[in-house]
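Structure first, commentary second.
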Amino acid sequence: MATGRRLLQFQSLLAQQALRLRAAPRPKPQPNPPHRFLHAPSSPAAASPSRLPLWRSTGSLLPVSAAAAAAAAAARAAAARWLMAAREAGSLELFSLQRRRAKWLPSADGAVLMLVGANVGVFMLWHLADPSFMRRHFMISLDNFKSGRLHTLLTNAFSHAESGHLISNMIGLYFFGSSISNMFGPAFLLKLYVAGALAGSAFFLLEKAFLAPRRQFYGGWDNSRTPALGASAAANAIILLDIFLYPKKLVYLYFFIPIPAAIMGAILIGADLLRVKRQGQVSGTSHLGGALIAALAWARIRKGWI
Numbered sequence: 001m002a003t004g005r006r007l008l009q010f011q012s013l014l015a016q017q018a019l020r021l022r023a024a025p026r027p028k029p030q031p032n033p034p035h036r037f038l039h040a041p042s043s044p045a046a047a048s049p050s051r052l053p054l055w056r057s058t059g060s061l062l063p064v065s066a067a068a069a070a071a072a073a074a075a076r077a078a079a080a081r082w083l084m085a086a087r088e089a090g091s092l093e094l095f096s097l098q099r100r101r102a103k104w105l106p107s108a109d110g111a112v113l114m115l116v117g118a119n120v121g122v123f124m125l126w127h128l129a130d131p132s133f134m135r136r137h138f139m140i141s142l143d144n145f146k147s148g149r150l151h152t153l154l155t156n157a158f159s160h161a162e163s164g165h166l167i168s169n170m171i172g173l174y175f176f177g178s179s180i181s182n183m184f185g186p187a188f189l190l191k192l193y194v195a196g197a198l199a200g201s202a203f204f205l206l207e208k209a210f211l212a213p214r215r216q217f218y219g220g221w222d223n224s225r226t227p228a229l230g231a232s233a234a235a236n237a238i239i240l241l242d243i244f245l246y247p248k249k250l251v252y253l254y255f256f257i258p259i260p261a262a263i264m265g266a267i268l269i270g271a272d273l274l275r276v277k278r279q280g281q282v283s284g285t286s287h288l289g290g291a292l293i294a295a296l297a298w299a300r301i302r303k304g305w306i
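Printed below as a string of structure tokens:
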């Protein structure tokens, strides 16, 4: 019984509270003032805590447009100070083509020497290691590709079995690679070398898979299983990119004949096209893969994407 009386009293209290809330008048929203100025009340005593000024100036009233302009100017000044500090600290890399060198990368000339040293080291392996091991892991061929030795797409670009082949490629890599590395940084040089090597390997495999069987049908010989090796495609990408960037500079053919770089580039590309037609011992298709990478890199540089 006592519990029932308390429940009835509680219900009556809730009903009375609901009636009070309904009877209380709702505050009407005050219309915004029609003027364009944000200012404080005329007298400090008239200012209530709920109506504090949004913008307070020292002695003068500021229009909204002037306040926005002042805020924008302050933001621009702060952004300029931040950019200047970031540039001085070296934390921004998007303001120039010369990227900040990572700690593990060598210097510009050191990257070139590193690539040359890797090629020389693999050349020495050809005279020390098992030749069958070198053919399986440092030559590009359809057999290696079908056997799952995909690393040969890159390792063949560091492989030379003959000293003349090594010297000719390393001369071009050293002189033109030093120019590219000093302009765009060692990381760019390494990426260009790898891209040229992979493109040359892909072009070589496509030739052996599609063009060689047609030559066998019409010519009577089968060279689809012929392997290849060498840094020619990677070096071609580096040499031709430097030529595309500076076609008017003089280069020395065979160290003695000065010719414009554009003529040397035309000779290189024309010789590779002729090799593709004649199908000799030197693969022109892999060289053209390096030329394609050079053309793509040149286009990206011209558009400011690198």
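Numbering (UniProt numbering), first residue to last: 1 to 306.
Every residue, glycine too, gets a C-beta built ideally from N, C-alpha and C.
Beta carbon proximity, residue i to chain C, threshold 8 Å
{"i": "A228", "result": "Checking the listed chains, one finds no chain C in this structure; it contains a single protein chain."}
Alpha-carbon to alpha-carbon, residue j and residue i
{"i": "G230", "j": "S286", "result": "10 Å"}
{"i": "I293", "j": "A73", "result": "46 Å"}
{"i": "F123", "j": "W305", "result": "36 Å"}
{"i": "L154", "j": "P260", "result": "32 Å"}
{"i": "F210", "j": "A111", "result": "36 Å"}
{"i": "R135", "j": "A195", "result": "22 Å"}
{"i": "V116", "j": "M183", "result": "19 Å"}
{"i": "Y193", "j": "R278", "result": "27 Å"}
{"i": "P227", "j": "S141", "result": "4 Å"}
{"i": "S178", "j": "L105", "result": "15 Å"}
{"i": "L150", "j": "A202", "result": "11 Å"}
{"i": "P53", "j": "A69", "result": "Confidence in P53 is poor, its pLDDT being 43 and thus under 50, which makes the residue's placement too unreliable to answer from."}
Closest Cα partner of residue i within the set the options
{"i": "L198", "options": "S181, S163, H160, A234", "result": "A234"}
{"i": "I301", "options": "I140, F244, L206, R76", "result": "F244"}
{"i": "M139", "options": "G121, F158, L128, A129", "result": "F158"}
{"i": "S132", "options": "A161, A108, A118", "result": "A161"}
{"i": "A295", "options": "A262, Y246, G270, A237", "result": "A237"}
{"i": "Y174", "options": "L166, L113, L128, A271", "result": "L113"}
{"i": "P247", "options": "I263, G290, F203, A291", "result": "I263"}
Proximity of residue i and residue j at Cβ, strictly below 8 Å
{"i": "L273", "j": "G284", "result": "yes"}
{"i": "L250", "j": "W298", "result": "no"}
{"i": "G164", "j": "I239", "result": "no"}
{"i": "S168", "j": "A108", "result": "no"}
Burial state of residue i, where buried means 16 or more other Cβ atoms lie within 10 Å
{"i": "G220", "result": "Low local confidence applies: a pLDDT of 49 at G220 is under 50, so the model's placement there is unreliable, and no value is given."}
{"i": "K208", "result": "buried"}
{"i": "I269", "result": "buried"}
{"i": "G121", "result": "exposed"}
{"i": "L253", "result": "exposed"}
query = Quick one: any contact between the stretch 141 to 149 and the stretch 183 to 196, if contact means 3 or more CB pairs under 8 Å?
reply = These segments do not touch.
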